[in-house]
Each structure stands twice: as structure tokens, then as C-alpha cells.
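Input: a single structure, listed below in C-alpha cells.
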Amino acid sequence: MRLTMRRTLMTGFFQRLQKETQAAQQQMLQAPVFAACARGEITLDMYLSFLTQAYHHVKHTVPLLMACGGRLSDRYEWVRIAIADYIDEEKGHQEWILNDIRVCGGDAQAVRNNQGVGQVSTPIELMVAYLYHQIDRANPLALFGMVWVLEGTSVGVGGNIARLVKQQLNLPAKAMSYLTSHSELDQDHIRFFESLMDKITAEEDQQAIIHSANQVFYLYGQMLRELLPQTQQQPA
Numbered sequence: 001m002r003l004t005m006r007r008t009l010m011t012g013f014f015q016r017l018q019k020e021t022q023a024a025q026q027q028m029l030q031a032p033v034f035a036a037c038a039r040g041e042i043t044l045d046m047y048l049s050f051l052t053q054a055y056h057h058v059k060h061t062v063p064l065l066m067a068c069g070g071r072l073s074d075r076y077e078w079v080r081i082a083i084a085d086y087i088d089e090e091k092g093h094q095e096w097i098l099n100d101i102r103v104c105g106g107d108a109q110a111v112r113n114n115q116g117v118g119q120v121s122t123p124i125e126l127m128v129a130y131l132y133h134q135i136d137r138a139n140p141l142a143l144f145g146m147v148w149v150l151e152g153t154s155v156g157v158g159g160n161i162a163r164l165v166k167q168q169l170n171l172p173a174k175a176m177s178y179l180t181s182h183s184e185l186d187q188d189h190i191r192f193f194e195s196l197m198d199k200i201t202a203e204e205d206q207q208a209i210i211h212s213a214n215q216v217f218y219l220y221g222q223m224l225r226e227l228l229p230q231t232q233q234q235p236a
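In terms of this note's numbering, the sequence shown opens at residue 1 and continues consecutively.
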């Protein structure tokens, strides 16, 4: 009985996180760009716009992880160790995105410099600012709300979207390194994330992660909605 109760406790929070962010996740998945992919209406400009915004949040992944680790209390030393593993996995991924942009004929330098067509969108700028604020002024564990959104989305729909984009745009594999690799890598990441979250037992920390995930689902969804011109948007 004791072993059964322990297992229930250890699997509780990840399941709770899934349940209490499901509505926000489904709302994000209603972004018209998903239906456009299914209809075969994706364009190279839309893909480049997605990569541009991916760059503007992915370049902050390692700095955000470092900031989170620096703000954690000693009782979360085990999370800090996990963060070091995350950093090893995530460092340099923004350069993959710039390479994909170059292969597609986009202006990678404009994206790197946040200029012209390479500028960050308002939803992504707000998302990144929100996460830094949560780490610095509220609860650093809120960063794992973003991790759930991005890795959960990659596992849930990333692989299928990557295949559709590659087929519809007839792109070479070297133009898909970010999207393809993340849909594959995050299969392992999500199992690691689940085990990590199931060790978070404090109610205030669980609430911080859930709230952050819901906010990030909303803001990331707003970015996705901006990928499709209003004239092309149809009900999902």
C-alpha cells in the first residue's frame, strides 16, 4: 500500500499540469496555421516567419535556464542539476534556426539583428519578458511552464507539422533542422520533464508552473495566429 501511494504522489503533478493547461493548449491548436498546413496552404513566407519567431525565443532559452538556476533555493538543488543538463541540450539551437533560414533564402542577418522582416513579434517579445519577470520577481520554477508548452507541443504535433511543411514546400532536410530535430529530440525530453515535474510537490510551485504554462500557451498561440494573413484565415 505504501508503495502504491508513493507512486500516485510521484505521478500526480505532471498529470495535473496536463489537465489544468489542456484548455489553453487546445485554444493554441485552433490557430488557423494548423488548418492551413492540413489543407496544403503553407507558404515559404509563413515558414520563414515561424523560424524568425522561433529564433527570437530560442535564443533566450539558455539565458532563461541560467537565470532560473541562479534564483532557485538550496532545496531545489536537484532542479539546478537538471537545468545544467537542459543547458547542454539546448545551447546553440538558435544557430540551427538561422541556418534553416539561410537555406530557405531568408535574411538570417536581419533576424539575428532584429531588423526589418526579422523583427520579433509582440507576442514573443511579451512571452520572453514575462518569463524573465517571473524568474526575477515571482517564482523561478515558472520557467517550466514554458518548457511544457514548447516540448509538449513538439511531441504532440511537431513531427506531423514538420512532415507537412517539408512535403508542401519541397524543402531539403537541411532547411528543416530545427523543426525536425525538436520533434524527435523532445520525445526523450518529455519523459525527463515528466519525471522532473512529478518531484515538484509544493502547491505554490505547482501553481506557478501551471499559471505560466497557460500564459505561454496564450502568447505562443497569438504568435501562431499572426503567421497566417487575415485574408487566408478560415475556421479550423
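Yeah, the Cβ is synthetic: ideal placement off N, Cα and C, and Gly gets one too.
All values derive from a computational prediction rather than experimental measurement.
Taking C-beta atoms as the reference points, R102 and A108 count as a pair closer than 8 Å.
Fewer than three Cβ pairs drawn from the stretch 51-66 and the stretch 208-217 lie within less than 8 Å of each other, which leaves the two stretches out of contact. If you look at M28, you'll find it in the alpha helix (DSSP H) that goes 12-28. Per DSSP, reduced to three states, the secondary structure at T201 is coil, with no helix or strand assignment. Across the structure, D198 and F14 are spaced so that their CA atoms are roughly 6 Å apart. In this structure K59 does not touch Q115 by the C-beta definition: roughly 15 Å separates them, more than the 8 Å allowed. From the listed residues E203, S121, E194, I190, the smallest Cα separation to E226 is found for S121. With respect to V147, F193 sits close: the two C-beta atoms are nearer than 8 Å. Straight through space, the alpha carbons of G92 and T61 are spaced by roughly 10 Å.
In this structure A84 is exposed. Its beta-carbon is surrounded by fewer than 16 other beta-carbon atoms within 10 angstroms. Exclusion of the five residues before and after Y178 leaves W96, I97, D100 as the residues of its chain whose Cβ lies within less than 6 Å of its Cβ.
Under the 10 Å beta carbon count, V79 is surrounded by 16 or more other beta carbons and is classified as buried. About 11 Å separates the beta carbons of Y130 and L64, which is beyond the 8 Å limit, so they are not a contact pair. For C37, same chain residues with a beta-carbon under 8 Å away, outside a window of 5 residues either side, are I161, L164, V165, Q168 in chain order.
Note on geometry: alpha-carbon atoms of N139 and D205 lie some 7 Å from one another. Going by beta carbons, G152 and I190 fall inside the 8 Å limit.
Non-local beta-carbon contacts of L72 in its own chain, meaning distances under 7 Å to residues more than five positions away in sequence, involve V79, R80, P140 in chain order. Counting along the chain, the unbroken alpha helix (DSSP H) around L65 starts and ends at 61-71. Shown here for A208: same chain residues with a beta carbon closer than 6 Å to its own, the five before and five after excluded, namely N139, L141, A142 in chain order. At a Cβ-Cβ threshold of 8 Å, I87 and M223 do not count as neighbours. Residue state for L228 is assigned as coil, using DSSP reduced to three classes. The beta carbon of V149 sits closer than 7 Å to the beta carbons of A213, V216, F217, Y220 from its chain, once the five residues preceding and following it are set aside; these are given in chain order. Closest by C-alpha distance to P32, out of M46, N113, Q22, E20, is M46. Residue burial annotation: V155 is buried, with at least 16 other C-beta atoms found within 10 angstroms of its C-beta.
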